[in-house]
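J.: In the numbering used here, the protein residues as written are 1004 to 1228. From the three backbone atoms N, C-alpha and C, an ideal C-beta is built for every residue, glycine too. The structure presented is a predicted model; accordingly, all values stated were derived computationally and were not measured. Below you'll find the structure I mean.
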């Protein structure tokens, strides 16, 4: 089997795939460009939906000093682990932005929030907060740039880790009819669904569950060529 991953995989995942006779081509389709933070007014609670936002906030010493003691909410286990590694006070985590938005509106609607994010982002949090009159301040820490690449050859599967990677792929490519997509999370799957029905979504948004999804799919559907 031959897979295309739109971001580098961990050594552990690649080793597991190699054991089942799978080769992997890694080609990142997005890159992160840090942005200058113009709005330094911080609200009482914090929201992080990506590891990129956490890393960039932590690198900005002036910003970190303002936010380090505040209550934080995030999307994804890996984002929570990174926040806790940097000593942030994480009091809530959900597996996708939609779930987090509904949780915060239900439980913390009297509070105000600073949302640390990228310029390209989904609208669930902001839309629901606006609808329910919950105060939210946006802090764009980075932009996501698409990497232009037209792929040749065939792949049994294509792995996506973000909606932006999906959009970047389809800037220069059509969906190969014999390929199956693998998505790490709900938002990524919802984006890929606009282009193909041939995809699977990991049960939980982490690499380990993504690996299980890949193995389970090919054990049922793959016919050795």
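(1) Quick check on residue 1018: does DSSP put it in helix, strand or coil?
(2) Taking a contact to mean a Cβ-Cβ separation below 9 Å, would you say residue 1104 touches residue 1141 in this structure?
(3) Should residue 1165 and residue 1139 be called a contact, given that it needs their Cβ atoms to be closer than 9 Å?
(4) May I ask which residues mark the beginning and end of the beta strand (DSSP E) holding residue 1070?
(5) Hey, out of 1079, 1042, 1207, whose CA is closest to residue 1069's CA?
(6) Taking residue 1076 as the reference, which of 1110, 1066, 1018 has the closest Cα?
(7) Going straight from the alpha carbon of residue 1174 to that of residue 1156, what length do you get?
(8) Is there contact here, the segment 1183-1196 with the segment 1213-1224, by at least three beta-carbon pairs under 8 Å?
(9) Helix, strand or coil: how does DSSP classify residue 1194 here?
(10) DSSP has residue 1034 in a bridge; who is on the other side?
(11) According to DSSP, simplified to helix, strand and coil, what is residue 1101?
(12) Measure from the alpha carbon of residue 1106 to the alpha carbon of each residue in 1197, 1019, 1190, 1078, then state which is nearest.
(13) Counting Cβ pairs, one atom from each stretch, are 3 or more of them under 8 Å apart for the segment 1039-1056 and the segment 1117-1126?
(14) Once DSSP output is grouped into helix, strand and coil, what is the label at residue 1046?
(15) What are the residues that DSSP puts in a beta bridge with residue 1202?
(16) Quick one: residues in its chain with C-beta nearer than 6 Å to the C-beta of residue 1178, no 5 flanking neighbours on either side, listed in chain order?
T.: Reading it off the structure:
(1) DSSP, reduced to helix, strand and coil, places residue 1018 within a helical segment of the structure shown.
(2) In this structure, residue 1141 does not lie closer than 9 Å to residue 1104 by Cβ.
(3) Taking C-beta atoms as the reference points, residue 1165 and residue 1139 fail to come closer than 9 Å.
(4) No beta strand (DSSP E) contains residue 1070, which is instead part of the alpha helix (DSSP H) from 1064-1070.
(5) When the alpha-carbon of residue 1069 is set against those of 1079, 1042, 1207, the nearest one is in 1042.
(6) Of 1110, 1066, 1018, the residue nearest in Cα terms is 1110.
(7) Between residue 1174 and residue 1156, the alpha-carbon positions lie close to 17 Å from each other.
(8) Using a C-beta cut-off of 8 Å, the segment 1183-1196 makes contact with the segment 1213-1224, since at least three inter-stretch Cβ pairs fall below that distance.
(9) Taken through DSSP and simplified to helix, strand or coil, residue 1194 comes out as helix.
(10) Note: residue 1034 is bridge-paired with 1148 in the DSSP secondary-structure output.
(11) If DSSP states are grouped into helix, strand and coil, residue 1101 belongs with the helices.
(12) Nearest to residue 1106 by C-alpha distance, out of 1197, 1019, 1190, 1078, is 1078.
(13) Three or more Cβ pairs closer than 8 Å define a contact, and the segment 1039-1056 meets that threshold against the segment 1117-1126.
(14) Looking at residue 1046 - three-state DSSP - the assignment turns out to be coil, as it is neither helix nor strand.
(15) Residue 1202 has 1184 as its beta-bridge partners, per DSSP.
(16) Cβ within range, chain order: 1198, 1199.
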